[in-house]
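To start, the structure under review is shown below, and the notes come after it.
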Amino acid sequence: MKNVKLMLCAITGAVMLSSCAMVKSPVPGMLYTKVNAPFAVTSNAGSSKSGMAKATSILGLIATGDASIEAAAKAGGITKIHHVDEHVTGILGIFAEYTLVVYGE
Amino acid sequence: MANSICRKTEVSVKRLPFFILAFLVVSISCSAQKISNRFSSILQDNGTFYFIYKQGTFYGKKKTSLHFDISYLSSRDSATFNFSYFDKEITSIDSLILIAATKRVAVPAKKLFVEPYGKKLQHRFTTSALFNDLVPFFSENSNPLIILHTKNGYKSLKISSGRWKKISSRTKKIMDLIIYNKTP
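In the order they appear, the protein sequences are chains E and X.
For the first sequence, my numbering begins at 3 and goes up steadily by one.
For the second sequence, my numbering begins at 265 and goes up steadily by one.
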């Protein structure tokens, strides 16, 4: 009986966590995610400025932030974008963070 | 005998989530001082471009706060020190002064934008300081102070010493790395 309860708890937990604070990533990590990946590249030459924008999610219930290219470029005072990288962090589906970093002039 | 093995297995299964959580907490706290996640570097024609991500928050009176990030192109002498200042009122900032023990860096600030951020206003400013002048600021472990000169006087912002020790040590590590990579 105890085993059945335990199994039920595990399945419920797995189902709940699978739809929790997940964040898009090129490679998935169920327990922990910390991935840097490319987002976009332009033909503009060189970069001497950079800007960052973030969005976070807690338990997949609350998600806030402005992780747009516009916000990141604005934060760095960038008018010509060279390339954009994304950083993804996720912990057990409890916490997820998506960061966009824009490089340019 | 079989019962005791079953019990032991059951107990270890019950403890498994705890061990996973403990492992994650320990690994995350251990990585707190890892610098690889705190900056990025890109090789370019005219040197290496470094971006030191947003650092810990300084706090002032009336729930004002400030955080900053640093960009640096290795072929240049000066680094870009961008900061966001959060206040309920519009503040016209002229210059920024970084003070740590006997070290002092004063630079003029140029406005990027001011826009609403929750109940406050985010004042985004950019400054340019000599990279070699910024290094000593992060070498000091004593409580630093950031002073913003405004048209109506000045605003001072502080950070807790414990928090500063972590920030300064990891930023210093990154700066040491940059200096090391610059030397032929």
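Don't be surprised by glycine CBs; every beta carbon is placed ideally from N, CA and C.
### For X:I442 and E:G95, the rounded distance between their alpha carbons
As a first step, residue 95 of chain E is located in the first sequence; it is residue number 93 there, counting from the start. As a first step, residue 442 of chain X is located in the second sequence; it is residue number 178 there, counting from the start. Approximately 35 Å between the Cα atoms of the pair.
### Task
Would you mind telling me which residues of chain X sit closer than 8 Å to E:K76, beta carbon to beta carbon, in chain order?
As a position in the first sequence, residue 76 of chain E is number 74, starting the count at 1. Under the 8 Å cutoff, chain X gives L376, F377 and R388.
### Query
Would E:A69 pass as a contact of E:Y34 if the rule is Cβ separation under 8 Å?
Within the first sequence, residue 69 of chain E is the residue found at index 67, counting from 1. Within the first sequence, residue 34 of chain E is the residue found at index 32, counting from 1. It is not a contact, given that the beta carbons lie outside the stated cut-off.
### Task
Consult DSSP for X:S433 and reduce its assignment to one of helix, strand or coil.
Taking the second sequence and counting its residues from 1, one reaches residue 433 of chain X at position 169. In the structure shown, X:S433 sits in a helix (DSSP, three-state: H, G or I).
### Query
Over what stretch of residues does the beta strand (DSSP E) that includes E:E72 continue unbroken?
Within the first sequence, residue 72 of chain E is the residue found at index 70, counting from 1. Segment I71 to G78 is the alpha helix (DSSP H) holding E:E72; no beta strand (DSSP E) there.
### Query
Are the C-beta atoms of E:Y100 and some chain X residue less than 8 Å apart?
Working through the first sequence from its first residue, we reach residue 100 of chain E at position 98. Not closer than 8 Å to any Cβ of chain X, the Cβ of E:Y100 fails to qualify, so no.
### Message
Using a Cβ-Cβ distance cut-off of 8 Å, determine whether E:V29 contacts chain X.
### Response
Counting from 1 along the first sequence, the entry for residue 29 of chain E is found at position 27. So, not an interface residue.
### Task
Flag this pair as yes or no: are the beta carbons of X:F315 and X:Y349 separated by less than 8 Å?
Here residue 315 of chain X is taken as the residue at index 51 of the second sequence, counted from 1. Here residue 349 of chain X is taken as the residue at index 85 of the second sequence, counted from 1. Contact: no.
### Rounded separation between X:S356 and E:L61 - CA only
By one-based count along the second sequence, residue 356 of chain X stands at place 92. By one-based count along the first sequence, residue 61 of chain E stands at place 59. Each residue's alpha carbon lies about 39 Å from the other.
### Message
Can you tell me where the alpha helix (DSSP H) holding X:D397 begins and where it ends?
### Response
Here residue 397 of chain X refers to the residue found at position 133 of the second sequence. Counting along the chain, the alpha helix (DSSP H) containing X:D397 begins and ends at F395 to S403.
### Query
What number of angstroms, rounded off, separates the C-alpha of X:Y336 from the C-alpha of E:A75?
As a working note, residue 336 of chain X is residue 72 in the second sequence. As a working note, residue 75 of chain E is residue 73 in the first sequence. So the two alpha carbons sit approximately 16 Å from each other.
### Task
Would you verify that the beta carbon of E:V103 is, or is not, closer than 8 Å to some beta carbon of chain X?
Taking the first sequence and counting its residues from 1, one reaches residue 103 of chain E at position 101. Taking Cβ atoms only, chain X reaches closer than 8 Å to E:V103, which makes this a yes.
### Task
State the DSSP-derived secondary structure class of E:A42, mapped to helix, strand or coil.
Counting from 1 along the first sequence, the entry for residue 42 of chain E is found at position 40. DSSP places E:A42 in strand when its eight states are reduced to three.
#### Entry: Close-in-space but distant-in-sequence residues of the same chain around X:K446 (CB under 6 Å, 5 per side omitted)
The residue labelled residue 446 of chain X in the question sits at position 182 within the second sequence. Hits under 6 Å: S338.
### Message
Quick check on DSSP: helix, strand or coil for E:A12?
### Response
The count along the first sequence starts at 1 and reaches residue 12 of chain E at position 10. The answer is helix: DSSP assigns E:A12 an H, G or I state.
### Task
Could you tell me whether the Cβ of X:Q308 comes closer than 8 Å to any Cβ of chain E?
As a first step, residue 308 of chain X is located in the second sequence; it is residue number 44 there, counting from the start. At least one chain E Cβ lies under 8 Å of X:Q308.
### Task
Residues of the segment 54-80 of chain E with a CB closer than 8 Å to any CB of chain X: list them in chain order, please.
Taking 8 Å as the upper bound on Cβ-Cβ separation, chain X lies near residues M54, K76, A77, G78 and G79 of the segment 54-80 of chain E.
### Query
Nearest CA to the CA of X:W428: which residue from X:V378, X:A365 and X:K419?
For the purposes of this step, residue 428 of chain X is identified with residue 164 of the second sequence, where counting begins at 1. Comparing Cα-Cα distances from X:W428 to each of X:V378, X:A365 and X:K419, the minimum goes to X:A365.
### Message
Distance check for X:S342 and X:I395, CA to CA, integer angstroms please.
### Response
To locate residue 395 of chain X, count along the second sequence from 1; it is residue 131. To locate residue 342 of chain X, count along the second sequence from 1; it is residue 78. The question names Ile, but residue 395 of chain X in the sequence shown is Phe. X:S342 has its alpha-carbon roughly 5 Å from the corresponding atom of X:F395.
#### Entry: Limits of the beta strand (DSSP E) - the one that E:V103 falls within
The residue given as residue 103 of chain E occupies position 101 in the first sequence. Here the beta strand (DSSP E) through E:V103 covers F97 to G106.
### Task
Let me know the secondary structure DSSP gives X:G324 once reduced to three states.
Your numbering for residue 324 of chain X matches position 60 in the second sequence. In the structure shown, X:G324 sits in coil (DSSP, three-state: anything other than H, G, I, E or B).
### Query
Does the beta carbon of E:K51 sit closer than 8 Å to a beta carbon anywhere in chain X?
Position 49 of the first sequence, counting from 1, holds the residue named residue 51 of chain E. So, interface residue.
### Task
Compile a chain-ordered list of the residues in the segment 313-340 of chain X whose CB is closer than 8 Å to at least one CB of chain E.
Flagged, chain order: F313, F315, Y317, K318, D333, S335, L337 and R340.
### Task
Using a cut-off of 9 Å between C-beta atoms, extract the partners of X:K304 located in chain E.
Start at 1 with the first residue of the second sequence, and residue 304 of chain X comes out as number 40. Per the sequence shown, residue 304 of chain X should be read as Ser rather than Lys. Chain E residues near X:S304: N38, S52, D87, H89, V103 and Y105.
### Task
Can you pull the chain E residues whose beta carbon is under 7 Å from the beta carbon of X:N445, in chain order?
Taking the first residue of the second sequence as 1, we reach residue 445 of chain X at position 181. Within chain E, not a single residue places a beta-carbon under 7 Å from that of X:N445; the smallest gap is close to 17 Å.
### Task
Find the residues of chain X that neighbour E:G48, judging by a C-beta separation of less than 7 Å, and give them in chain order.
Here residue 48 of chain E refers to the residue found at position 46 when the first sequence is read from its first residue. One finds Q308, D309 and N310 in chain X with Cβ atoms closer than 7 Å to the Cβ of E:G48, taken in chain order.
### Query
Within the present structure, is the beta-carbon of E:K26 separated from the nearest heavy atom of the ligand NAP by less than 7 Å?
This structure lacks the ligand NAP; in fact it carries no ligand of any kind.
### Query
For E:A98 versus E:A73, is the C-beta distance shorter than 8 Å?
Start at 1 with the first residue of the first sequence, and residue 98 of chain E comes out as number 96. Start at 1 with the first residue of the first sequence, and residue 73 of chain E comes out as number 71. No.
### Selection from X:P408, X:T414 and X:F347 that minimises the alpha carbon distance to X:T391
Taking the second sequence and counting its residues from 1, one reaches residue 391 of chain X at position 127. The shortest C-alpha to C-alpha distance from X:T391 to any of X:P408, X:T414 and X:F347 is the one to X:F347.
#### Entry: Sub-8 Å separation of X:L409 and X:K422 beta-carbons
Indexing the second sequence from 1 puts residue 409 of chain X at position 145. Indexing the second sequence from 1 puts residue 422 of chain X at position 158. Between X:L409 and X:K422, the gap from beta carbon to beta carbon is short of 8 Å.
### Message
In this structure, how does DSSP classify E:M54 when only helix, strand and coil are distinguished?
### Response
Here residue 54 of chain E is taken as the residue at index 52 of the first sequence, counted from 1. Three-state result, E:M54: strand.
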